[in-house]
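Asks: Note that the first sequence ends on residue 428 in the numbering used here; no numbers are left out.
Where a beta carbon is used, it is the ideal one built from N, C-alpha and C, also for glycine.
Note that the structure is a prediction, hence the values are computed from the model and not measured.
One structure follows; several queries about it will come next.
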Amino acid sequence: MLDIKFIRENAELIRENCKIRLSDVDIDRLLLLDKSKRELEAKIEDLRAQRNKVSKNKPTPEEIVEMKQVGAEIAEAEKSLLPFEEEFTALLFQVPNLTHKSVKVSDDEDDNPVVEQKYKPTKFEFKPLDHVQLAEKLDLIDFERAAKVSGAKFYYLKNELAVLEFALIQYALSVATKHGFTPFTTPDLAKREILACMGFNPRGEATQIYNIENSDLSLIATAEITMGGYHKDELFKAVELPKKYIAVSHCFRTEAGSYSKFSKGTFRVHQFTKIEMFQYTTPENSEKAHDEMLVIEKELFDGLKIPYRVIDHCTADLGAPSIRTFDLEAWMPGKPNKDGSMGDWAEITSTSNCTDYQSRALNIKFVDDSGKKDFVHMLNGTAIANSRAIIAIMENGQQSDGSIQIPEVLQKYTGFSEIRR
RNA sequence: GGUGAGAUGCCUGAGUGGUUGAAAGGGCCGGUCUCGAAAACCGGUAGCUGCGCAAGCGGCUCGUGGGUUCAAAUCCCACUCUCACCGCCA
Numbered sequence: 008m009l010d011i012k013f014i015r016e017n018a019e020l021i022r023e024n025c026k027i028r029l030s031d032v033d034i035d036r037l038l039l040l041d042k043s044k045r046e047l048e049a050k051i052e053d054l055r056a057q058r059n060k061v062s063k064n065k066p067t068p069e070e071i072v073e074m075k076q077v078g079a080e081i082a083e084a085e086k087s088l089l090p091f092e093e094e095f096t097a098l099l100f101q102v103p104n105l106t107h108k109s110v111k112v113s114d115d116e117d118d119n120p121v122v123e124q125k126y127k128p129t130k131f132e133f134k135p136l137d138h139v140q141l142a143e144k145l146d147l148i149d150f151e152r153a154a155k156v157s158g159a160k161f162y163y164l165k166n167e168l169a170v171l172e173f174a175l176i177q178y179a180l181s182v183a184t185k186h187g188f189t190p191f192t193t194p195d196l197a198k199r200e201i202l203a204c205m206g207f208n209p210r211g212e213a214t215q216i217y218n219i220e221n222s223d224l225s226l227i228a229t230a231e232i233t234m235g236g237y238h239k240d241e242l243f244k245a246v247e248l249p250k251k252y253i254a255v256s257h258c259f260r261t262e263a264g265s266y267s268k269f270s271k272g273t274f275r276v277h278q279f280t281k282i283e284m285f286q287y288t289t290p291e292n293s294e295k296a297h298d299e300m301l302v303i304e305k306e307l308f309d310g311l312k313i314p315y316r317v318i319d320h321c322t323a324d325l326g327a328p329s330i331r332t333f334d335l336e337a338w339m340p341g342k343p344n345k346d347g348s349m350g351d352w353a354e355i356t357s358t359s360n361c362t363d364y365q366s367r368a369l370n371i372k373f374v375d376d377s378g379k380k381d382f383v384h385m386l387n388g389t390a391i392a393n394s395r396a397i398i399a400i401m402e403n404g405q406q407s408d409g410s411i412q413i414p415e416v417l418q419k420y421t422g423f424s425e426i427r428r
């Protein structure tokens, strides 16, 4: 969330920012609630001060009667404050983060500038198959039985592909560790409160979040949630930063309202395994950290020899907590292009700088040498999302004889160099 | 899942209704002493927040949320977490 003081003092800027990010939060309403809330709070504080002063020493019977009255007034004022607070908080959490000055302003969520493309789409001497066809021929994924057991958009990986999942984890961990990231596995469930602080809305119609019935827990949509909550209510010394983490978790998404989007095979599923980078930095270093994570993402996919390009999210496509997001889009030969031909670029990783948007809600600060405190910056970046990485590996690695070539960097973890029947 | 004990400031730990936002010790910071250091001694040492240029004045915070009361760290209720033992289990 943003600082209400900042919103108050920069209302015009905030309104403009909401507009370019296609957010319809009612800032005027928010400011009105803020004003009413503060007035009521001031009143309550005055009444409390009055009562505290009298009650500090043993009051006379007359004073007790008087304070009873004051107590009733306090209770009444507190009661009238409640609805303001509730609506205020709900609105405040909806206000999106500020926007990095380099981000393209656009109202079209597909209008994301390509900022780097050094690879060309994979060329085939034959008609390539998509990963679903490949999986079927080579007996690598079972969608049918997954549907029987768990429903649509679930899958079993089997044979070499099940092994590949673990190879990807080890590969991602080894590369990130080399860059100073500390490896983690995390809980796959987290408290709703943490999700909300991280900018995920567990409620609402279009929520991506699975909630656990009769509990305050949700299935996490990404390890960003558990790694961001990790340092809740903590205070760092500036020299302790950055904290660089690489975390393995399962990710769960309802995919409510995503019917029109490309969803073949394992591209858009309810559950997948993801290895996620996360950083806590000082404000002055967050941009550098963001660049670093993008570099690592590129290194990972360079290593896998997957063609990719880098896009810079435009304002329409930016998630609320982020001021800037870069995606790696891998070439997927089996994904139909808009013009009807086969093969297209598709999102495979994503890295965001969320500045102090999450740390403010989670109360995560650092103190510098002069004793000054400030909120840390928090950033996340996909190392590898397995369900999508396997698509790219299968579709780009397929050979004319029907086999699939395994990227060399994975072979020491898989123990095999190709998948062949 | 059951039973019992517990949760207080940076740490240990006292505190069962009224100048207790909190004893004491430790740590840390400053000072005296010393060539310097240690020891000893003296002093200081919570966070968040509202108003204010400031000095300062207020509010909130003793696991969390409610309740009782003029007044709650202290009494009551619920929950969470920690520890021990039992049960179950990978």
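Quick test of your reading: S407 and E425, contact by CB under 8 Å. State the CB separation rounded to the nearest angstrom.
Replies: Wrong, their Cβ atoms sit about 13 Å apart, outside the cutoff.
Asks: Give me, in chain order, the residues of the same chain whose beta-carbon lies closer than 7 Å to that of K198; leave out the 5 immediate sequence neighbours on both sides.
Replies: Closer than 7 Å at Cβ, skipping near neighbours: D223 and L224.
Asks: Report yes or no: do the segment 158–170 and the segment 184–200 share at least 3 C-beta pairs separated by less than 8 Å?
Replies: Segments in contact, no.
Asks: Just checking V32 against the ligand COA - is the residue's beta carbon closer than 6 Å to any of the ligand's heavy atoms?
Replies: This structure simply doesn't include the ligand COA, nor any ligand for that matter.
Asks: For the alpha helix (DSSP H) holding T96, just list the boundary residues, first then last.
Replies: Start and end: P68 to Q101.
Asks: Are Y420 and A179 touching if we call contact CB-CB under 7 Å?
Replies: No, Cβ-Cβ distance for Y420 and A179 is not below 7 Å.
Asks: Provide the residue span of the beta strand (DSSP E) that contains N344, from first to last.
Replies: Run containing N344: none; DSSP gives neither H nor E here.
Asks: Could you tell me whether the segment 354–368 touches the segment 291–308, where touching means 3 or more Cβ pairs closer than 8 Å?
Replies: Touching, yes, given that three or more Cβ pairs across the two stretches are closer than 8 Å.
Asks: Helix or strand or just coil, what does DSSP make of M234?
Replies: In this structure, M234 counts as helix in the three-state DSSP scheme.
Asks: Restricting to Cα atoms, I'd like to know which of I216, D118, V246 and K251 is closest to V182.
Replies: Per the Cα distances, K251.
Asks: So does the segment 109–116 actually touch the segment 313–328, counting three or more Cβ pairs closer than 8 Å?
Replies: With a cut-off of 8 Å, the segment 313–328 and the segment 109–116 count as touching, because enough Cβ pairs lie within range.
Asks: For the alpha helix (DSSP H) that contains Y178, what are its first and last residues?
Replies: Looking at the DSSP string, the run of the alpha helix (DSSP H) that includes Y178 is E167 to K185.
Asks: So the beta strand (DSSP E) S329 belongs to, where does it begin and stop?
Replies: That residue, S329, is in no beta strand (DSSP E); it is neither H nor E in DSSP.
Asks: Among residues of its own chain, excluding the 5 on either side of F207, which ones have a beta-carbon nearer than 7 Å to its beta-carbon?
Replies: Cβ within range, chain order: I216, A228 and I232.
Asks: In angstroms with no decimal places, state the Cα-to-Cα distance between I400 and E143.
Replies: So the two alpha carbons sit approximately 15 Å from each other.
Asks: Could you spell out where the alpha helix (DSSP H) holding I11 opens and where it closes?
Replies: I11 -> alpha helix (DSSP H) spans I11 to E16.
Asks: Count the other CB atoms, across all protein chains shown, that sit within 10 Å of the CB of P68; report buried if there are 16 or more and exposed otherwise.
Replies: So P68 ends up on the exposed side.
Asks: As a quick exercise: from Y163, K345 and P209, pick the residue whose alpha carbon is nearest that of E151.
Replies: Of the candidates Y163, K345 and P209, the one whose C-alpha sits nearest the C-alpha of E151 is Y163.
Asks: Below 7 Å between beta carbons: does that hold for I176 and I282?
Replies: Yes, they are a contact pair.
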